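Asker:
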Amino acid sequence: MKRARIRDARRRPMAMTVPAAVIVLLVTAAPVQAASAAEYTYPSAIDPSSITLSTTDGDSTVIKGDKLRVDAAWSVPDGARAGDTFGMTLPAELEAYAGTITLPAADDPSLTAATCTVAGSPSVLTCTLTDYVNGRTSVGGVFWFTASAQKTTTASAVAFAVAGDEVLVEVPGGGIGAVVDKPTPVNQKPSKGAYQTRAGNLCWQVLFGGSHIAGLDEVVVHDVIAAPDQALAEHHNTDGKIRVKYRTPESIYWTSMPFTGGWNSTGTEFTITIAGPFDPSYGYMVSYDTTPSDATTGTRYRNSADVSGIRLTSTYKYTVAGGGNGSGTVPPTPAPDAGAPAAPAPDMTTPIAPTPEPDAPEVPAESAPSSPEADAPEIPEGGAIAPEPGEDQADAAPDAGPQPERVGHGAVRTPAGEATERVGHATTLAETGGGVAWTIPAAGGLVLLLGIAAVASVRRRA
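In our numbering, the protein residues as written are 91 to 552.
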């Protein structure tokens with residue numbers, strides 16, 4: 091298939107020098123294209139140099155009514171998100187086939203990167219990104235859709251509007267020619283078929299040659315739209331219109347003719363009567379439109395017609411006139427730094443200070459108490475043991491001088507002004523300028539004191 095070339099891939103500003111008398115007209119008309127571009131999140135997403143036109147039937151020339159294919163590439167900046175849009179406006183010479191175009195993800199066709207709609211006159215393409223692009227970089231792809239050549243032109247290129255600029259794209263054959271009317275034989279065989287209109291509807295045609303109805307005073311056409319089922323989708327007529335025409339072998343154009351009758355109230359069935367006489371060399375056509383309930387590729391629709399006893403049935407498979415794809419890169423997850431020291435696990439336990447047991451003074455074997463009833467010395471307040479008057483200082487506890495003062499539970503103050511504290515359940519020994527004082531827990535040290543007292547009593551007796 092021949093691809094069209096971008097004419098010098100050039101873009102030119104849409105503004106131009108005009109006489110003052112027509113400035114008001116331009117100010118009124120300009121917002122049509124300017125507003126269209128301004129509504130896009132990324133008006134420059136479509137690459138102007140990528141836009142091409144080609145014929146769908148492979149012909150090297152284009153005439154009015156021919157179908158053309160429009161191709162282009164697109165990309166959006168990093169950070170684009172679902173709901174962001176891009177698009178362009180078609181030339182006045184072209185009218186796109188309306189519909190919704192899905193751009194599947196290139197890496198996973200079950201996902202959709204963007205959806206595009208084409209509508210209006212002039213035709214406007216609007217593409218909307220999906221959540222597929224969220225968090226991805228280098229997002230872009232291609233798209234294509236079909237349009238009909240609706241105006242003749244001798245210019246070799248037509249102007250698309252992208253980001254407020256005209257982009258001239260060459261037409262195959264160098265222009266759009268007029269239709270040449272010439273004698274064409276009439277197909278006399280009765281038939282029924284359908285095609286998609288530019289508005290996205292289905293146009294159904296019932297065709298029959300005059301040779302099949304010649305001699306009849308009238309022809310009754312009864313048409314019934316098939317009800318939806320597992321294989322068929324629902325469709326019905328919405329405008330109430332029926333067209334009846336004939337064509338002679340000398341012309342390619344159809345001419346309207348009268349009839350009576352019309353649609354039922356639901357737009358699913360009609361009966362009309364066409365009065366004769368009928369020329370056996372003519373062709374006759376009854377046509378009407380239905381609106382499909384599901385305008386997606388592959389959906390099937392059907393109806394049947396009876397033309398004065400000739401039974402005709404047609405099934406049509408809907409095809410979206412467009413396609414493309416999109417893709418993007420998911421940034422890699424940063425690997426943890428191997429050189430960084432691992433954070434220590436938090437210590438969920440609370441250390442408990444151990445309770446040390448003080449060494450008991452060594453007791454000579456011969457000095458052991460002979461009786462458990464030995465008198466225990468009096469223990470002064472404060473928890474410290476003082477030697478008896480006249481007791482041998484070598485065998486007694488060292489002279490501590492003045493008695494330490496108790497300053498609180500588990501703490502004493504010595505004459506030198508120092509204090510010892512009880513931490514947890516530990517017993518702390520403090521030197522106090524020539525004397526030693528033990529801080530003895532209130533309960534835990536009782537047994538220890540009694541043992542020391544017993545030792546002191548034995549020594550006095552000795």
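Note that CB positions come from ideal geometry on N, CA and C, so glycine has one too.
All values reported here derive from a predicted model rather than from experimental measurement.
For Ala284, which residues in the same chain have their Cβ closer than 8 Å to its Cβ, ignoring the five residues on either side in sequence?
Answerer: Result list for Ala284: Leu292, Cys293, Trp294, Gln295, Tyr391, Ser404, Tyr406, in chain order.
Asker: Indicate the three-state DSSP secondary structure (helix, strand or coil) for Gly507 in the structure shown.
Answerer: With a pLDDT of 45 at Gly507, under the threshold of 50, the modelled position of that residue is not reliable, and no figure is offered here.
Asker: Since Thr251 sits in a beta bridge, which residues does DSSP pair it with?
Answerer: Here residue 251 is Ala; the residue named in the question, Thr, does not match the sequence. Bridge partners of Ala251: Thr179, Glu256.
Asker: How far does the beta strand (DSSP E) with Asp161 in it reach, from first residue to last?
Answerer: 157-165
Asker: Whose CA, out of Gly169, Gly264, Gly263, lies closest to the CA of Leu219?
Answerer: Ranking the options by Cα distance to Leu219, first place goes to Gly169.
Asker: Assuming Glu340 is part of the beta strand (DSSP E), what are its boundary residues?
Answerer: Going by DSSP, Glu340 is part of no beta strand (DSSP E) at all; its letter is neither H nor E.
Asker: Which residues in the same chain have their Cβ closer than 6 Å to the Cβ of Thr242, if we skip the five residues on either side of it in sequence?
Answerer: Lys154, Ile266, Ala268
Asker: Taking the beta strand (DSSP E) that Asp396 falls in, what are its first and last residues?
Answerer: 390-397
Asker: Tell me the residue span of the beta strand (DSSP E) that contains Leu215.
Answerer: 214-219
Asker: What is the DSSP secondary structure of Pro138, reduced to helix, strand or coil?
Answerer: DSSP, read as helix, strand or coil, puts Pro138 in helix.
Asker: With burial defined as no fewer than 16 other Cβ atoms inside 10 Å of the residue's Cβ, what is the status of Asp319: buried or exposed?
Answerer: exposed
Asker: Could you tell me the boundaries of the beta strand (DSSP E) in which Glu359 lies?
Answerer: 359-365
Asker: Please list, in chain order, all residues of the same chain as Arg171 whose beta carbon is under 6 Å from its beta carbon, the five residues on each side excluded.
Answerer: Within the same chain, Arg171 has close Cβ partners Asn224.
Asker: Would you call Asp147 buried or exposed, if buried means 16 or more other Cβ atoms sit within 10 Å of its Cβ?
Answerer: exposed
Asker: Out of Ser213, Ser377, Ile362, Thr361, which has the shortest C-alpha to C-alpha gap to Lys335?
Answerer: Selected option, being the one with the closest Cα: Ser377.
Asker: For Gly388 and Thr190, I'd like the C-alpha separation in whole angstroms.
Answerer: 14 Å
Asker: With 16 as the cutoff for other CB atoms within 10 Å, does Val165 come out buried or exposed?
Answerer: At residue 165 the sequence reads Ser, which differs from the Val that was named. The residue is buried, with at least 16 neighbouring Cβ atoms inside 10 Å.
Asker: Got a sec? Which residues, its chain only, sit under 6 Å from Thr287 by beta carbon, not counting five neighbours each side?
Answerer: Cys293
Asker: In its own chain, which residues sit with a C-beta less than 8 Å from the C-beta of Thr38, not counting the 5 before and 5 after it?
Answerer: For residue 38 there is no data in the structure shown, the boundaries of the chain being 91 and 552.
Asker: Considering Lys282, what are the terminal residues of the beta strand (DSSP E) in which it resides?
Answerer: 281-286
Asker: Based on DSSP bridge pairs, tell me the residues matched to Glu185.
Answerer: Ser238
Asker: How big is the Cα-Cα spacing for Ala351 and His302?
Answerer: Reading off the sequence, residue 351 comes out as Gly, not Ala. Whole-angstrom Cα-Cα distance: 22 Å.
Asker: Can you give me the start and stop residues for the beta strand (DSSP E) that Ile315 sits inside?
Answerer: 308-315
Asker: Grab the span of the beta strand (DSSP E) containing Met347 for me, first residue to last.
Answerer: Where Met347 is concerned, there is no enclosing beta strand (DSSP E), given that its DSSP letter is neither H nor E.
Asker: Taking DSSP as the reference, what is the three-state secondary structure of Gly265?
Answerer: Coil at Gly265, not helix or strand.
Asker: Would you kindly work out how many angstroms separate the C-alpha atoms of Tyr343 and Phe349, rounded to a whole number?
Answerer: 19 Å
Asker: Taking only three categories from DSSP, how would you classify Gly169?
Answerer: Note: Gly169 maps to coil in three-state DSSP.
Asker: Helix, strand or coil: how does DSSP classify Tyr132 here?
Answerer: coil
Asker: Tell me which same chain residues have a C-beta within less than 8 Å of the C-beta of Ala289, skipping the five on either side of it?
Answerer: Ala188
Asker: Under a three-way DSSP split, which group does Ser301 fall into?
Answerer: Judged by DSSP in its simplified three-state form, Ser301 adopts helix.
Asker: Please return the same chain residues whose Cβ sits closer than 6 Å to the Cβ of Trp353, not counting the five positions on each side in sequence.
Answerer: Asn327, Gly330, Phe360
Asker: How would you write the range of the beta strand (DSSP E) that Ser404 sits in, first residue to last?
Answerer: 400-407
Asker: Looking only at DSSP bridge pairs, what is Tyr372 linked to?
Answerer: Its beta-bridge partners do not exist; DSSP assigns none.
Asker: Between which residues of its own chain and Asp307 is the CB-CB distance below 6 Å, once the five residues before and five after are set aside?
Answerer: Gly366
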